[in-house]
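Protein chains in written order, with the numbering used here: chain A, 11 to 178; chain F, 6 to 109. In what follows, a structure is listed as structure tokens, so that the remarks can point back to it.
Below, the structure written as structure tokens:
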């Protein structure tokens with residue numbers, strides 16, 4: 011719930027150029043679809059040519075799931091998200107921390123390495139993260155093109171990150 | 006209360022909010038400008054979940070206590086010491102992203 015609310019706030023000031031928008035979330039997520047549709051509906055009132063799609067992928071990891079089983083489930087999620095990412099061929103991937111973003115970004119990186127499609131990966135760490143990064147953040151700090159944090163302590167600890175202040 | 010869709014209505018009518026240290030609860034309350042006392046139970050919550058509540062307290066936006074000091078806090082609190090919590094600025098993110106992708 012928190013991740014979706016945050017990412018919709020991030021999208022709130024983006025121009026019409028950021029279209030079509032493809033939302034990817036976990037199959038176990040019951041609440042995000044309604045929030046996204048509501049956001050897009052409102053957006054359609056201002057921007058006439060608003061386009062978006064929704065996609066569900068298997069959840070890569072449950073909270074506090076063990077390491078070994080997490081590797082297996084994440085690999086499964088990567089296998090699942092690879093054809094999806096190949097189909098969508100995004101120019102830009104925006105993610106903010108749920109486990110779902112890691113397999114999607116890994117798929118995009120692979121497609122880039124294979125010369126099929128190079129996406130810009132922008133990661134925004136949650137506002138809840140003041141002193142430490144989430145697990146997704148720790149991984150994608152090394153694999154994203156732009157890594158944004160919302161508190162100065164994190165900027166100090168992770169010098170390659172971008173600090174714009176609070177943006178949600 | 007258990008599974009209300011939104012607490013916005015109740016928050017709107019409140020003069021004071023007492024909450025656990027969950028990020029959503031803290032932010033929602035601060036954003037509508039209500040005074041907030043955060044009750045921290047270090048045994049129940051994991052370190053990273055407390056980061057935001059502790060930071061908000063450090064910056065003077067919320068009062069804090071634990072379960073046993075709640076009554077005392079309510080008796081001696083001075084809500085005028087609380088600093089307003091300015092909203093986030095997604096427009097800064099939009100400007101940044103436009104530069105990244107090359108939009109003028």
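Just so it is clear, CB atoms sit at the ideal spot from N, CA and C, and this is done for glycine as well. All values reported here derive from a predicted model rather than from experimental measurement.
Looking at C-beta atoms only, is the number of pairs between the segment 144 to 154 of chain A and the segment 100 to 109 of chain F that lie closer than 8 Å three or more? By the Cβ rule, the segment 144 to 154 of chain A does not count as touching the segment 100 to 109 of chain F, because fewer than three pairs are nearer than 8 Å.
According to DSSP, is residue 17(A) helix, strand or coil? In the displayed model, residue 17(A) falls within a helix according to three-state DSSP.
From residue 120(A) to residue 29(A), what distance separates their C-alpha atoms? When rounded, the distance between both Cα atoms is 23 Å.
Inter-stretch contact (C-beta, 8 Å, three-pair minimum) for the segment 109 to 124 of chain A and the segment 35 to 45 of chain F: Taking one beta carbon from each stretch, the segment 109 to 124 of chain A and the segment 35 to 45 of chain F have fewer than 3 pairs nearer than 8 Å; the two do not touch.
Since residue 130(A) contacts residue 101(A) with CB under 8 Å, what's their CB separation in whole angstroms? About 7 Å separates the CB atoms of residue 130(A) and residue 101(A); that is less than 8 Å, so the two are in contact.
Residue-level contact to chain A via CB, residue 13(F), 7 Å cutoff: False, the Cβ-Cβ gap to chain A never drops below 7 Å.
Rounded Cβ spacing between residue 138(A) and residue 99(F) (contact assumed at less than 8 Å): In fact, because the Cβ distance is near 22 Å, the residues do not count as touching under 8 Å.
Based on DSSP bridge pairs, tell me the residues matched to residue 24(F). DSSP lists 43(F) as partners of residue 24(F).
Who pairs with residue 32(A) in a beta bridge, going by DSSP? Residue pairing by DSSP places residue 32(A) opposite 63(A) in a beta bridge.
Please state whether DSSP places residue 138(A) in a helix, a strand or coil. In this structure, residue 138(A) counts as coil in the three-state DSSP scheme.
With burial defined as no fewer than 16 other Cβ atoms inside 10 Å of the residue's Cβ, what is the status of residue 108(A): buried or exposed? Under this definition residue 108(A) is a buried residue.
On the three-pair Cβ rule with 8 Å, is the segment 29 to 43 of chain A touching the segment 58 to 75 of chain A? Cβ pair count under 8 Å is three or more, so yes.
Quick test of your reading: residue 14(A) and residue 46(A), contact by CB under 8 Å. State the CB separation rounded to the nearest angstrom. With a Cβ gap of about 7 Å, residue 14(A) and residue 46(A) count as contacting.
Evaluate residue 73(F) with the Cβ neighbour count: other Cβ atoms within 10 Å of its Cβ, from every protein chain shown; 16 or more gives buried, anything less gives exposed. Exposed, because fewer than 16 other Cβ atoms sit within 10 Å of the Cβ of residue 73(F).
Interface residues of the segment 42 to 60 of chain F facing chain A [CB-CB below 7 Å]: Against chain A - using a Cβ distance shorter than 7 Å - the residues of the segment 42 to 60 of chain F are 53, 56, 57 and 60.
Determine, for residue 23(F), whether the minimum Cβ-Cβ distance to residues of chain A falls below 7 Å. Closer than 7 Å: no.
In chain order, what residues of the same chain lie with their CB nearer than 6 Å to the CB of residue 157(A), ignoring the 5 residues before and after it? If we look at residue 157(A) and ignore the five residues flanking it on each side, its Cβ neighbours are 133, 151 and 171.
For the putative contact between residue 76(A) and residue 110(A), defined by C-beta atoms under 8 Å, what is the C-beta separation to the nearest angstrom? 19 Å between Cβ atoms; not a contact.
I'd like to know whether the C-beta of residue 90(F) is nearer than 7 Å to at least one C-beta of chain A. No, residue 90(F) does not count as interfacial toward chain A.
How about residue 39(F) and residue 22(F): do their beta carbons lie closer than 7 Å? Taking 7 Å as the Cβ cut-off, residue 39(F) and residue 22(F) qualify as a contacting pair.
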